[in-house]
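Chemist: All residue numbers for the sequence shown refer to this note's numbering, where the first residue is 2 and numbers rise by one. Virtual Cβ for every residue (Gly too), placed ideally from N, Cα, C. What you are looking at is a predicted structure, and each value in this text was computed from that prediction instead of being measured.
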Amino acid sequence: MEIPLVLYGLGVVALVAAIVALKRRLDLSRAKHRSLAGHARLARRLASFLPFYEYDEARFFCCDGAPPEIAARRREGFMRLAGIFRDRFPATNQLSAQAAESVSDLQFTERYRTPFQFSRYVARHLPSGAFMRASSGVALTDLDGNVFYDLAASYGVNVFGNDFYKETIAEGVEEARELGPALGPYHAAVADNARMLKEISGHDEVSFHMSGTEAVMQAVRLARYHRRRSSLVRFCGAYHGWWGDVQPGIGNPSSADETLTLSEMSPATLHVLRTRRDIACVLVNPLQALAPNAPAPSDSSLIDSARAAHFDKAAYAQWLKELRAICSDRGIALIFDEVLVGFRLARGGAQEYFGVKADLVTYGKTLGGGLPIGVVCGRKDLMRRYRDDRPADICFARGTFNSHPYVMCAMRRFLQRLDTPACRDLYHDLDAVWDERARRLNARFEMEALPLRVANMSTIWMICYTQPSRYNWMLQYYLRAEGLALPWTGTGRLIFSLNYAESDFAAVAERFVAAAKAMRDDGWWHIAPGVTNKAIRRGVFKEMIAHRLFG
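And the structure:
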């Protein structure tokens, strides 16, 4: 009788364990966002399934069912635009094409400016030059002498204006000249930078790295080391650099098995954080407050007009406070990735802006004074890389170019200037100034009956589209023809430097409206009867299935 009882007992234990595991799995599934961005493995599988195909010249202009007269208007407008690009940017285009034969990054960016069905035809007729010759104020000048208003801000580096960074770099180089590129020993600027960063971040210690990606890698590694747990929680759609653990879906050929991608601003996510014991850290990119759970909005994925954004500062601040409370209660390290938003939203970054203090904060981009940099600031107990009682148990992180003298001296000049009245004045009423500019531009769009709206988080903007269309991605080329320089991702994320004067912004607004009116007049926003965003997506999906099955 004893053996059957033992087996019965073991069976009960196994059943309970299975139920617990199943519930844990269900809780995790509920905390994932319903989009593909919330399901990394599924997204990777679908990406491998997706076939390449492209529209021929005839279908290129009427893939949305537009009638012949509209297709003809579009063709005429497209060729007129191609003529502008050919005549206005010859030297820039020539060098870009030459360099693309050797630089793989250029091949990638040119291919992914538009949805893939259109990309080769567009690249052939509307090449986007990759080279600039000069910068001044809020403007860039290309190799042909064309002057553009800068709406890319060097991927977020440019907070205070190009001239500001020219000066801090020049001053830093002069200060570092005596020591030069001697690596290993520190320049005295390191001590000054650490002191100023501690004051700004409110944290105890600092470590320097070579990029924002590396800073995030180190913050996560330190959290895992000190918490003695392996799981990382990131949120759907958030970008934290290109390393594997924080990019578990499309774009990463390896699986990130210890990364949990959960839905932001979700009670189900809070439940997972309360109940699991394997979570070392929660990684937050405050930029997601503009469009929670949505990936970086590139025009290459703009197959319809479903892109949307709305910034609710109070709601996002409340979410961060809830995260802060749960992380404190559960011994989870809360990490703010401020590589992009640091020093842009406020002098004290997102911690000051939202009123929530993280355990570890990463900075980069602008902090280097325009030179490559990554920084981690954090609590003393989380920053230590060794254990006093276990001398062989260390958390190693070094790099040849960490604390490079030229970078450190440029950073020191940046941080010193951050405290000047001129810089402090730029933060005064920052949100009110840029919210009002967004409101005025939206009013212009509405008055001109243009199917555009802007959403903004301070100086970071997103262009949204108000009627169904398969051709919204064309706007980036009309904007370039009007003298506006966008990032290669197109209209999804525009970033202004804080030194944009009212006259500068007024000029940008006029060019925006002129570009949109030209695009409308060329027929790209014609709506065929019965077209909806859902119908567009369904039609593209059918095309993909047909090409996958039948070639």
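(1) Pick from Asp390, Ala439, Ile461 and Ser459: whose alpha carbon is nearest that of Leu453?
(2) Using a Cβ distance threshold of 8 Å, determine whether the stretch 42-60 contacts the stretch 306-320, with at least three qualifying pairs required.
(3) Which value, in whole angstroms, describes the spacing of the CA atoms of Cys567 and Arg386?
(4) Give me the DSSP bridge partner(s) of Val234.
(5) DSSP three-state call for Ile464: helix, strand or coil?
(6) Express the C-alpha separation of Asn500 and Leu487 in angstroms, rounding to a whole number.
(7) In terms of DSSP beta bridges, what is His210 paired with?
(8) On the CB-based measure, 16 or more other CB atoms within 10 Å of its CB, does Ala292 come out buried or exposed?
(9) Measuring CA to CA, which of Ala516, Ser498 and Ala444 is closest to Trp474?
(10) Please classify Ala433 as buried or exposed, where buried requires at least 16 other C-beta atoms within 10 Å of its C-beta.
(11) Could you have a look at Tyr56 and say whether DSSP puts it in helix, strand or coil?
(12) For Leu43, collect the residues of the same chain with a Cβ closer than 8 Å to its Cβ; drop the 5 residues on either side in sequence, then sort them by chain order.
(13) Per DSSP, what kind of secondary structure is Thr597 in: helix, strand or coil?
(14) Just to confirm before moving on: does the CB-CB distance between Glu503 and Met384 stay below 9 Å?
(15) Just to confirm, are Ile496 and Ile546 a CB contact at a threshold of 9 Å?
(16) With DSSP as the reference, label Ile537 as helix, strand or coil.
(17) Rounding to the nearest angstrom, what Cα-Cα distance links Val377 and Gly552 in this structure?
(18) Between which two residues does the beta strand (DSSP E) carrying Phe580 extend?
(19) Count the other CB atoms within 10 Å of the CB of Arg81; is the residue buried (16 or more) or exposed (fewer)?
(20) Of the choices Gln118, Leu107, Val148 and Lys33, whose alpha-carbon is the least far from that of Leu480?
(21) Inspect the beta-carbon positions of Thr115 and Ala131 and report whether they are closer than 9 Å.
(22) Of the choices Leu263, Val455, Leu233 and Leu321, whose alpha-carbon is the least far from that of Phe513?
(23) According to DSSP, what are the bridge partners of Arg388?
Modeler: Straight from the coordinates:
(1) Translated into positions along the sequence shown, residue 453 becomes position 452. Minimum Cα distance to Leu453 is reached at Ala439.
(2) no
(3) No information on residue 567 is available, as it lies outside the stretch 2 to 552 that the chain covers here.
(4) Within the sequence shown, the letter at position 233 stands for residue 234. Looking at the DSSP assignment, Val234 forms a beta bridge with Leu261 and Val283.
(5) In the sequence shown, counting from the first residue as 1, residue 464 sits at position 463. Three-state result, Ile464: strand.
(6) Translated into the one-based positions of the sequence shown, residue 487 becomes position 486. Translated into the one-based positions of the sequence shown, residue 500 becomes position 499. For Leu487 and Asn500, the distance between alpha carbons rounds to 17 Å.
(7) For the purposes of this step, residue 210 is taken as residue 209 along the sequence shown, with counting starting at 1. Partner(s): Gly375.
(8) Residue mapping note: residue 292 aligns to position 291 of the sequence shown, counting from 1. Buried.
(9) Translated into positions along the sequence shown, residue 474 becomes position 473. Nearest C-alpha to Trp474: Ala516.
(10) Residue mapping note: residue 433 aligns to position 432 of the sequence shown, counting from 1. It counts as exposed.
(11) Taking the first residue of the sequence shown as 1, we reach residue 56 at position 55. It is coil, neither helix nor strand.
(12) On the sequence shown, position 42 is the one that residue 43 refers to. The answer, listed in chain order, is Leu37.
(13) What the structure shows of the chain is the stretch from 2 to 552, and residue 597 is not part of that stretch, so it cannot be assessed.
(14) Counting from one through the sequence shown, the residue named residue 503 turns up at place 502. Counting from one through the sequence shown, the residue named residue 384 turns up at place 383. No.
(15) On the sequence shown, residue 496 is found 495 positions in, with the first residue counted as 1. On the sequence shown, residue 546 is found 545 positions in, with the first residue counted as 1. Not in contact: Ile496 and Ile546 (Cβ atoms no closer than 9 Å).
(16) Counted from its first residue, the sequence shown places residue 537 at position 536. DSSP places Ile537 in helix when its eight states are reduced to three.
(17) Residue numbering aside, residue 377 sits at position 376 when the sequence shown is read from its first letter. Residue numbering aside, residue 552 sits at position 551 when the sequence shown is read from its first letter. The C-alpha of Gly552 is placed about 50 Å away from the C-alpha of Val377.
(18) In this structure the chain extends from 2 to 552, so residue 580 is not present and cannot be described.
(19) As a working mapping, residue 81 is identified with position 80 in the sequence shown. In summary, Arg81 is exposed, with fewer than 16 beta-carbon neighbours lying within 10 Å of its beta-carbon over all protein chains present.
(20) Along the sequence shown, read from residue 1 onward, the residue named residue 480 stands at position 479. The candidate whose alpha carbon is nearest that of Leu480 is Val148.
(21) Here residue 115 corresponds to residue number 114 of the sequence shown, with the count starting at 1. Here residue 131 corresponds to residue number 130 of the sequence shown, with the count starting at 1. The answer is no: Cβ separation not under 9 Å.
(22) For the purposes of this step, residue 513 is taken as the residue at position 512 of the sequence shown. The option with the nearest alpha carbon to Phe513 is Val455.
(23) Counted from its first residue, the sequence shown places residue 388 at position 387. Paired residues: Arg391.
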